[in-house]
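> Add 1 to the 1-based position in the sequence shown for the working numbering, that's all there is to it.
All residues carry an ideal CB built from backbone N, CA and C; glycine is no exception.
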Amino acid sequence: MDVKKEFQQALEKAHMYGLLAEYYKYQDAELYMYYHRKHCVCTQKVAGMAQEMSRKQVAAGEGTSESPYAGP
């Protein structure tokens with residue numbers, strides 16, 4: 002899978018879990034904790050992917066002009 006596409010999917014997944022956690026925050030404590038944990042795991046994955054993409058850009062001499070958060 003393309004790295005940028007995988008990054009975008011992980012970012013969307015983290016966002017979705019964050020929204021679900023907020024939705025259940027005051028309604029169901031168990032579901033809130035479940036989705037909050039999933040959000041944290043996905044967010045950490047996204048952060049790691051962004052760092053890796055940035056390192057690869059610098060190593061390739063491309064600089065940091067393009068953000069890994071940029072759309073397609």
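Between the Cα of ALA11 and those of HIS37, GLN45, SER55, spot the shortest distance and give me the residue it belongs to.
Of the candidates HIS37, GLN45, SER55, the one whose C-alpha sits nearest the C-alpha of ALA11 is GLN45.
> Three or more C-beta pairs under 8 Å: does that hold for the region 33 to 53 against the region 13 to 20?
At 8 Å Cβ cutoff, the stretches touch.
> Among ALA60, ALA51, ARG56, ALA22, whose alpha-carbon lies nearest the alpha-carbon of LYS6?
Nearest option by C-alpha distance: ALA51.
> What is the residue span of the alpha helix (DSSP H) that GLN52 lies within?
Per DSSP, GLN52 belongs to the alpha helix (DSSP H) from 30 to 60.
> Which residues in the same chain have their Cβ closer than 6 Å to the Cβ of VAL47, if we skip the five residues on either side of it in sequence?
The answer, listed in chain order, is ALA11, LEU12, ALA15.
> Whole angstroms is fine: what's the gap from ALA30's alpha carbon to VAL4's?
Cα-Cα distance, rounded: 35 Å.
> What are the start and end residues of the alpha helix (DSSP H) that includes LYS6?
Looking at the DSSP string, the run of the alpha helix (DSSP H) that includes LYS6 is 4 to 25.
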